[in-house]
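**Student:** For the protein sequence lines, the chains are A and B, in the order given. Numbering-wise, my numbering comes out as the position in the first sequence, counting from 1, plus 204. Just so we're aligned: 33 in my numbering is position 35 of the second sequence, and the numbers increase by one with no gaps anywhere. Every residue gets a Cβ at the ideal spot worked out from N, C-alpha and C, and that includes glycine. Below you will find the structure I want to go over with you.
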Amino acid sequence: MSDVIVIGGGPAGLAGAIACAKSGLNVSVVDEFIKPGGRLLGQLHREPSGEWWNGIKESERLHQEARKLSVDIRCGVSVYNLEKENQLWNVYTNQGTLTAPFVLVATGAAEYPIPLPGWTLPGVMSIGAAQVMTNVHRVQVGKKGVIIGANILAFAILNELQLAGITVDRIVLPERNQISQTAGEPEEVMKSLLNAAHLAPSPFLRFGSRFMRRDWIRKVGLNFYPKNGVKINGTPLQLRKAAVEIIGKDHVEGVRLADIDANGTIIAGSETIYEADFVCIAGGLYPLAELTAIAGCPFQYIPELGGHVPHHSETMETPLKGLFVAGNITGIESGKIAMAQGTTAGLSIAKHAGKGAGTIDEQLQQALKNVRTVRRHAAIQFNPEIDSGRSRMNQLWEDLYATSIEQ
Amino acid sequence: MANMGDIVICRCEEVTYGQLQATAEKHNCTARELKLRTRAGMGFCGGRTCRPSLDRILESVTPAIAPGEIPLKYQPPIRPVTFGTVGENL
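Here it is as C-alpha cells:
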C-alpha cells in the first residue's frame, strides 16, 4: 500500500509526488492520459525575458525526477469515486481500487463552454483541444480557423497555433446572452485584457499597450476600435464582432458574424458569413473539482479563482483529514504556480505523516514563500484579481478551521 | 438571438436551451428536478461540458443559491465505467 495517492500527473501532481517521495513517503500517481505531464504537454511560449517555456521538456524533467525517487506512475487510469473508510481513502479507478491514508487531488481545470448554434458540428473544438491536437498529437486542426472568445488562454494558444503554421483568420467575441455573459461584452472583455496586459507574453503586450486604463478613454477607444480589429501577430482581434452561428452541413464551413456595439448589442443588418474549416471555442477555465465534491469537501464560489473551489488552507490541506489539493483545482493560474503549490502540498502531507524530522516547518514556509514569488513573477495571469481571490480563501479557512485544527 | 431556443446546451443528451426553459417554466423546477426531467448533465461526460452553462441557466430558474453551494450535486461515478468495474470494486 502507498502512503500517498496523487490523482493527476500534471505539474501540481508530479511536483507533489516528488516532494512526498523526497520526504521518504511511498507515492503512487494516477493519470487519465496516456503520458504524464497534464497540460504542461501543450505549453509552448516565450517569456517576457526572452526565454522559451517548453512544457514538454518541463514534464519530462518532472517525470524523470519522480521516477528516480521510485514514484509509481500509472497512466490511462481514470478515478471515478473517492471515499473514506476506516481512516483510509479509497480511490476507485477503472483498474481497481487503491487505498492510502493521504490523497492529493491535482485534477486541474476544465473549459467553460460557449454554446451557440452549430457548435456541435465536426470541426468545432475547445481552444484547449486545439492545443492538445497541435502540440501533443501534432495533428493539424484545420486550414483556416476562427477563435470565439477573447481571453488570456485564447491568446496563448493562438500563439502556439501560429508557431505551428496554422492560420487563425480572426478572434471574435461570442454573442452576448445569458450563458456567455460578460465574455460577450466588448467593454468588459477589454477591461479584463487591459488589467492583465502588463503580465502577458509579448505578442499580447504589444496589443495592450495601445490602450489606456481610464474608463472614458477605454470607451472612446472602443467606439473608435478599428472595424477590422487590432492584429495580434497577424491575426485580427475583433472586439466589435460577435459569432452568431457556426455554419456547415457535415463539417464547419464558416461562421456568421455580426457587428456589435460596446455593450455587445448586435447591430441589425450587419451579418456576414466568413469562411473557415475549424472553430475554437475559448470560454476560459474552471477548477475541475468533482472528486473533492464527491469526497464531501465543502466549496466556495470565488469568481477570481475561476468558479467553485474546495475549501483549502494555504498549505493545501482540505477540511477532510488526509485530503490535499494543488494546482488549478484551487484556482486558475499558470503551470509554474501549480508546480510550486504541488511542492507545498507534498511537504504538507509529509508533515502530517510525521516525516521531515525537525526541518519540515522550515521547508514548508520556504515552499509557501516560493508560491508567492512565482505568482508575483508570473508571465501569464488568468485573472488580474487572483491575489484577492487567494486572500478570500485564506481568510475563509482562518475563520472556519484554523483554531479547531490546531486543537 | 432569434434561435437561442434551438441551441444545444447538453451535448451528450441533446437538450436544448428552449427545452430547459420550457421545462423550468412548466414545472417550476428545482435544479435537481430540472436535471432529472430533461436529463441535462446526465450523459456520458458527466456534465463536464454543460455544467457551467446549466449553472448560469439555473441562476434565473432557482434563485438565491448560496455561494458555498454547488447548484447541481456531483455524484459518483464521475467517469463512465461499466457495471462490471464498479461491481468488482465493491
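(1) Quick one: is B:ASP53 buried, meaning 16 or more other Cβ sit within 10 Å of its Cβ, or exposed?
(2) With DSSP as the reference, identify every bridge partner of A:TRP323, one or two as the case may be.
(3) Please state if the CB of A:GLY332 and the CB of A:PHE482 are separated by a distance shorter than 8 Å.
(4) Label B:LEU34 either buried or exposed according to how many other C-beta atoms from any shown protein chain fall within 10 Å of its C-beta, with 16 as the threshold for buried.
(5) Does the pairing of the stretch 251 to 265 of chain A with the stretch 274 to 287 of chain A give three or more beta-carbon distances under 8 Å?
(6) For A:GLU457, tell me which candidate among A:ASN467, A:GLU236, A:PRO326, A:LEU357 has the shortest Cα-Cα distance.
(7) Assuming A:PHE359 is part of the alpha helix (DSSP H), what are its boundary residues?
(8) Could you spell out where the alpha helix (DSSP H) holding A:ASP235 opens and where it closes?
(9) Taking only the alpha-carbon atoms, compute the straight-line gap between A:SER474 and B:VAL13 and give it to the nearest angstrom.
(10) Go ahead and pull the three-state DSSP assignment for A:PRO405.
(11) Using three-state DSSP, classify A:ASP276 as helix, strand or coil.
(12) Please report how far the alpha carbon of A:GLY539 lies from the alpha carbon of A:THR577, in whole angstroms.
(13) Check this for me: beta carbons of A:LEU568 and A:LEU551, under 8 Å apart or not?
(14) Give the single residue among B:VAL79, B:LEU32, B:LYS24, B:PRO75 whose Cα lies nearest to the Cα of B:CYS8.
(15) Cβ closer than 7 Å: which chain B residues qualify as neighbours of A:TYR284?
(16) Taking DSSP as the reference, what is the three-state secondary structure of A:HIS516?
(17) Hey, out of A:TYR490, A:THR547, A:ASN467, whose CA is closest to A:ASN574's CA?
(18) Between which two residues does the alpha helix (DSSP H) carrying A:LEU568 extend?
(19) With 16 other CB atoms within 10 Å as the buried threshold, where does A:ARG622 fall?
(20) In chain A, which residues lie less than 7 Å from B:GLY66 when you measure between Cβ atoms?
(21) If you draw a straight line from the alpha carbon of A:HIS402 to that of A:GLU391, how long is it in whole angstroms?
(22) Report yes if the CB atom of A:VAL533 is closer than 8 Å to the CB atom of A:VAL309, and no otherwise.
(23) Can you confirm whether A:PRO319, when its beta carbon is compared against all beta carbons of chain B, has any partner nearer than 8 Å?
(24) If we cut at 8 Å on Cβ distances, does B:MET40 have a partner in chain A?
(25) By the 10 Å Cβ neighbour count, where 16 or more other Cβ atoms means buried, how is B:ILE68 classified, buried or exposed?
(26) Please list the terminal residues of the continuous alpha helix (DSSP H) segment that includes A:GLN504.
(27) Would you please verify whether the beta carbon of B:ASN1 is less than 8 Å from any beta carbon of chain A?
(28) In three-state terms, what does DSSP make of A:CYS484?
**Tutor:** In short:
(1) The residue you call residue 53 of chain B lines up with position 55 of the second sequence. With 16 or more other Cβ atoms within 10 Å, it is buried.
(2) Numbered from its first residue, the first sequence carries residue 323 of chain A at position 119. Beta-bridge pairing links A:TRP323 to no other residue.
(3) Taking the first sequence and counting its residues from 1, one reaches residue 482 of chain A at position 278. Taking the first sequence and counting its residues from 1, one reaches residue 332 of chain A at position 128. Contact: no.
(4) Taking the first residue of the second sequence as 1, we reach residue 34 of chain B at position 36. Flag for B:LEU34 reads exposed.
(5) no
(6) Within the first sequence, the letter at position 253 stands for residue 457 of chain A. Nearest option by C-alpha distance: A:PRO326.
(7) On the first sequence, position 155 is the one that residue 359 of chain A refers to. Counting along the chain, the alpha helix (DSSP H) containing A:PHE359 begins and ends at 356 to 367.
(8) Position 31 of the first sequence holds residue 235 of chain A. Premise fails: A:ASP235 lies in the beta strand (DSSP E), 231 to 235, not in any alpha helix (DSSP H).
(9) Counting from one through the first sequence, the residue named residue 474 of chain A turns up at place 270. Counting from one through the second sequence, the residue named residue 13 of chain B turns up at place 15. Rounded to the nearest angstrom, the two C-alpha atoms are 30 Å apart.
(10) Here residue 405 of chain A corresponds to residue number 201 of the first sequence, with the count starting at 1. Residue placement at A:PRO405 is flagged as unreliable, the pLDDT there being 46, under the threshold of 50; a coordinate-derived value is accordingly withheld.
(11) In the first sequence, counting from the first residue as 1, residue 276 of chain A sits at position 72. A:ASP276 falls in the strand class under three-state DSSP.
(12) For the purposes of this step, residue 539 of chain A is taken as the residue at position 335 of the first sequence. For the purposes of this step, residue 577 of chain A is taken as the residue at position 373 of the first sequence. Straight-line Cα distance between these residues: approximately 14 Å.
(13) Within the first sequence, the letter at position 364 stands for residue 568 of chain A. Within the first sequence, the letter at position 347 stands for residue 551 of chain A. Against a cut-off of 8 Å, the Cβ pair of A:LEU551 and A:LEU568 comes out as a contact.
(14) Residue mapping note: residue 8 of chain B aligns to position 10 of the second sequence, counting from 1. It is B:LEU32 whose Cα lies nearest to the Cα of B:CYS8.
(15) As a working note, residue 284 of chain A is residue 80 in the first sequence. Chain B residues near A:TYR284: PRO74, PRO75, ILE76, ARG77, VAL79.
(16) Translated into positions along the first sequence, residue 516 of chain A becomes position 312. Here A:HIS516 sits in coil by DSSP.
(17) Within the first sequence, residue 574 of chain A is the residue found at index 370, counting from 1. Checked all of A:TYR490, A:THR547, A:ASN467; the closest Cα to A:ASN574 is A:THR547.
(18) Translated into positions along the first sequence, residue 568 of chain A becomes position 364. 564 to 580 is the span of the alpha helix (DSSP H), which, as asked, contains A:LEU568.
(19) Shown here, chain A extends from 205 to 611; a query on residue 622 of chain A therefore has no answer.
(20) The count along the second sequence starts at 1 and reaches residue 66 of chain B at position 68. Under the 7 Å cutoff, chain A gives PRO502, PHE503, GLN504.
(21) Here residue 402 of chain A refers to the residue found at position 198 of the first sequence. Here residue 391 of chain A refers to the residue found at position 187 of the first sequence. Since pLDDT at A:HIS402 reaches only 48, below the 50 mark, its modelled position is unreliable, and no value is offered.
(22) Start at 1 with the first residue of the first sequence, and residue 533 of chain A comes out as number 329. Start at 1 with the first residue of the first sequence, and residue 309 of chain A comes out as number 105. One detail in the question is off: residue 533 of chain A reads as Ile in this sequence, not Val. Taking 8 Å as the Cβ cut-off, A:ILE533 and A:VAL309 qualify as a contacting pair.
(23) The sequence position of residue 319 of chain A within the first sequence is 115, counting from 1. Yes - at least one Cβ of chain B is within 8 Å of the one on A:PRO319.
(24) By 1-based counting over the second sequence, the position of residue 40 of chain B is 42. Closer than 8 Å: no.
(25) Start at 1 with the first residue of the second sequence, and residue 68 of chain B comes out as number 70. Answer is buried; the Cβ neighbour count reaches 16.
(26) Counting from 1 along the first sequence, the entry for residue 504 of chain A is found at position 300. A:GLN504 -> not in any alpha helix (DSSP H); beta strand (DSSP E) instead, spanning 503 to 506.
(27) Here residue 1 of chain B is taken as the residue at index 3 of the second sequence, counted from 1. Chain A contact via Cβ: present.
(28) As a working note, residue 484 of chain A is residue 280 in the first sequence. Reduced to three states, the DSSP call for A:CYS484 is strand.
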